[in-house]
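If you read the sequences in order, they're chains A and B. So the first sequence is residues 1 to 452, counted in the working numbering. So the second sequence is residues 1001 to 1366, counted in the working numbering. No residue lacks a Cβ here, since even glycine has one placed at the ideal position from N, Cα and C. All values derive from a computational prediction rather than experimental measurement. See below for the structure under consideration.
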Amino acid sequence: MYDVWKNALAEIEQQISAANFSTWFQDTNLISTENGEIKIGVKNSFYVKQLRNRYLNIITTALKNNNIEVNNVEFEVQTKVKSKVRPREVTKTSIDSLKNRVKSIRKSTPISTNNGLNQKYTLDNFIVGSNNDLAVSAAKSIIDSPGTRYNPFFLYGGPGLGKTHLVQAIGNELLKKNPSLKIFYTPISHFYSDFIDAIQTGKGKDFNRKFQKLDVLIIDDFQFIVNKEKSQEEFFNIFNDLYQLNKQIIVTSDRLPSQIKSVDERLASRLTWAGAFDLQLPKFEDKCAILRAKAELMGAEIEPEAIEYIAENVNTNIRDLEGEFSTILLMSEVRGLTPLELIENGSVSVNRSSKMRPTSPKQIVDKVAKYYNLTTKEMCSKSRIAHIKTARQVAMFILSKELGLSTNKIAAEVGVKDHTTVMHGVKKIEKDLKLNFTLRDQIEEIKEKIYG
Amino acid sequence: MKIKVTQEKLSKALNNVSRIAIGKVTLPILNNVLIRVEQKKVSLVTTNLDMAVIDFLPVSNSEDGVVTVPAKLLAEFVSNLPKGETIEIESKDTKVEIKAGKYSSTINGTIADDFPELPEIEEKNAVVYKVGIEEFKNSISQVIIASSNDLTRPALTGVYFNTYNNCLAIAATDGYRLTEKILIDKVESEVKAIVPSSSLQEVLRSINDDDEEIEISFNEDLVRFRLGEVEIVSKLIDASYPDYQKLIPKNNEIKVILNREELIRVTKLAALFARSVGGSIICEAKTPETFSVKSVANEYGENDSEINTPIEKDGRANFNSRFLIDALNSLESKEIEFEFSNHVSPAILRNKKDPKYTHIVMPLNS
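Right under this line is the structure:
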């Protein structure tokens, strides 16, 4: 039906002036054509009379030329006409938001159903790319036969890469296949507070029983398990019970269990029995695919160049990527420019690093040395003792990534012989970063010190 | 078409209607004013397709006809003519001749056929209210400050006219504050309609000193304001308004009576130190009789002012100083009632012993 109206509009457009056409017909749509009773939606009542008195004949002819029977044409005020871009999800009413502001003090996350799953997360709207295809194929195999091959399913990766989305999607898909399954999703922090509540009210056994009845247990943000031995033991017991019964267990964390301090070794090794799957930072092509899918989902129009620009400039994670994307769409709605125009006239800047305070190479070198408990002189010496050498390489890495200095300049700053040494050092750290989470944390901490 | 009218009358009418006839570039005729003479009745009309302003101009002499002229040009020309002149406007096809004593000019107009026809309110189906002009002006100004500019939530960009308990109330909210005023105590017909704030602002600007009463008529998707010779017709916002009554807290624990001027002063003082923290200031009530307003700016220092007033219960809450000052400025009486509770519940501000106007401010998380 929509296409018929598009054809009709194309015909009308040729008969009247461009200004008239864009004023009167731009936001119209065809609501129904049943039995020749035509209903056309318009923006507000100012448009009704003009269209009826001036353009009725043109509209009727145009519709008839498209083989639509026309006996009577009605105009209806309809605000839900499609807008060019839809900004981020509009909250339903201000009441909701006002109330949430009040409630948010007491309650952190609203949970849609009592199994803790949020139905907006599905596998269909999870974009698969080279950064996550392994994890997704494992997820699919879990959906086909839970509790078998990938049990426990341990998923890890940095913030905003889709861990929660993927595990919630597993839960939702399983539930779709078999609605009688007992599935429970909880962040580990809620698990604690529930457990402590249960102990305080003397219902510790009920708590245990509740979990033992489950078919699928999904634990999110496992890294927050730190230093709570009693709860950890409880979790360990529940884990073991469910595992014995071949029930599916799914755990997410931002790093491997062996790298979380204070996780019991027994638990750590058990969690990765069936292997650990990681979600990595998306590559440029993946980011473009994500943004394109998101645009389609929101019904927004955005130029391919704008998508590429955003994809190229947001290098942190998918959540930031989507955040920037929504901001740009919102701004384009408000300003009445297309996203690309916004970017070209410099109204938006998505380059994250530009927000940070500039620092001098000297400061960075000092901070790195201090972090590793070395004097700057020690670190910039020719010493080849392992920890001093690593510190020096970290300093080179940060200088190169954060300030974009040339390798020769860096060589001068950290006192190494020539640029090849620097190139080697940077490459070494880059390679180590992929596997060595301690190093990743260290560099993050140093960066915080530099910019904080 | 021909009319004869004094400079003052014409200039005033043109100023009234020409404000909305600027800016819409898609359809050039919307920048024009329509001058229509029909059986000695003269009307000047402009529209931006969201609203229309119609001014019925009393004239001494006229001949039937209709023409459109660029509104801004005509308005500026007429306003620069000397006061007291009698102006004659005559159209020949689309040429419009304007003569005033020694001054004359010809403006190229457009034929009126392209000027959009305006929607009308059918009198028999309309819901009609009448309000004293002062009351209307005050009430709208008090309420409209809380309406939002956020185009993504269209409902909040308007003022909500609604009837309950046999009275007509108007309300606005932007999610951080909410205002409500009982406009008419006793009404018989019911209405629930969101009027765009921009249209109401236009109504406020059109009010003359000698107007006494305003007539407001609603139908399904239009509202019309009639004051003196001016009529303003506007679309309504087609959206559902939040059930704002639920937001007005019923039992705030801390109720204090404060001198309005004094509270404005201490709030402004505190606001100076609150700039670096987004305007957040702390209101604290301490028994038996200390009400204090504080703010802390880490780099500049801090501020702490006290007002003596009887207090029954201790408590404190943070507010945005700008919203608080807006609220206090929109109140009128010497003493005001200020109700709040510890942190979570919104604060209510009212004139003392006058429940008609309610201003609500959300506390800030602290």
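- For Tyr-243 of chain A, there is no enclosing beta strand (DSSP E); the enclosing alpha helix (DSSP H) covers residues 229-244.
- Taking every protein chain shown into account, the CB of Phe-325 of chain A has 16 or more other CB atoms within 10 angstroms, so this residue is buried.
- If you look at Ile-450 of chain A, you'll find it in the alpha helix (DSSP H) that goes 437-451.
- Shown here for Ser-1276 of chain B: same chain residues with a beta carbon closer than 8 Å to its own, the five before and five after excluded, namely Ala-1297, Asn-1298, Glu-1299, Tyr-1300 in chain order.
- The C-beta of Ala-19 of chain A comes closer than 8 Å to at least one C-beta of chain B.
- Among the CB atoms of chain A, none fall inside 8 Å of the CB of Glu-1188 of chain B.
- Against chain A, the CB of Lys-1235 of chain B has a partner CB under 8 Å away; the residue lies at that interface.
- Here Ile-250 of chain A is bridged, per DSSP, to A:Phe-153, A:Ile-218.
- Here Leu-337 of chain A is not near Gly-162 of chain A, since their CB atoms are 8 Å or more apart.
- Note on Ala-1327 of chain B: 16 or more other CB atoms within 10 angstroms of its CB, so buried under the neighbour-count rule.
- Residue state for Asp-1055 of chain B is assigned as strand, using DSSP reduced to three classes.
- In this structure, DSSP gives Cys-288 of chain A a helical state, which the three-state scheme calls helix.
- As computed with DSSP, Ala-1100 of chain B is found in a beta bridge with B:Tyr-1103.
- When DSSP reads this structure, His-1359 of chain B sits in a beta bridge with B:Thr-1179, B:Leu-1349.
- A Cβ-Cβ contact shorter than 8 Å links Ser-253 of chain A with Gln-223 of chain A.
- Under DSSP, the beta-bridge partners assigned to Thr-1110 of chain B are B:Thr-1068.
- In the DSSP annotation of this structure, the continuous segment of the beta strand (DSSP E) that includes Glu-1339 of chain B starts and ends at 1335-1340.
- If you ignore the 5 residues before and after Ile-218 of chain A, its C-beta comes within less than 6 Å of the C-beta of Val-167, Gly-171, Tyr-185, Ile-250, all in its own chain and listed in chain order.
- In the DSSP secondary-structure assignment, Asn-1318 of chain B is bridged to B:Ile-1282, B:Leu-1364.
- Looking at the DSSP output, Tyr-1129 of chain B bridges to B:Ile-1216.
- Among the residues facing chain A, Glu-1306 of chain B is not included, as its CB has no counterpart in that chain under 8 Å away.
- Within the DSSP secondary-structure output, Lys-409 of chain A pairs in no beta bridge.
- Cβ contact annotation for Val-4 of chain A (same chain, cutoff 7 Å, sequence separation greater than five): Leu-30, Asn-66, Ile-68, in chain order.
- DSSP, reduced to helix, strand and coil, places Glu-74 of chain A within a strand of the structure shown.
- Sixteen is the threshold: when 16 or more other Cβ atoms of the shown chains lie within 10 Å of the Cβ of Val-1293 of chain B, as they do, the residue is buried.
- Judged by their CB atoms, Ile-398 of chain A and Ala-293 of chain A are not nearer to each other than the 8 Å cut-off.
- Minimum Cα-Cα distance from Glu-444 of chain A among the listed residues A:Gly-415, A:Lys-428, A:Lys-401 corresponds to A:Lys-401.
- A residue is called buried once 16 or more other Cβ atoms fall within 10 Å of its Cβ, and Glu-1229 of chain B is buried on that count.
- Of B:Lys-1246, B:Ile-1089, B:Gln-1007, B:Ile-1035, the smallest CA-CA separation from Ser-1345 of chain B is found for B:Lys-1246.
- When the beta-carbon positions are compared, Leu-1118 of chain B and Phe-75 of chain A stay at least 8 Å from each other.
- Burial is judged here by how many other beta carbons sit within 10 angstroms of a residue's own beta carbon; Gln-200 of chain A has fewer than 16 and is exposed.
- Not flagged as an interface residue toward chain A: Thr-1068 of chain B, since no C-beta distance is shorter than 8 Å.
- Within the same chain, Glu-1337, Glu-1339 come within 7 Å of Lys-1255 of chain B by CB-CB distance, once the 5 residues on both sides are set aside.
- If you ignore the 5 residues before and after Ile-307 of chain A, its C-beta comes within less than 8 Å of the C-beta of Cys-288, Leu-291, Arg-292, Ala-295, all in its own chain and listed in chain order.
- Around the beta carbon of Asn-44 of chain A, 16 or more other beta carbons sit within 10 angstroms, so the residue counts as buried.
- Residue nearest to Met-1362 of chain B within the set B:Leu-1258, B:Arg-1177, B:Gly-1315 is B:Arg-1177 (criterion: CA-CA distance).
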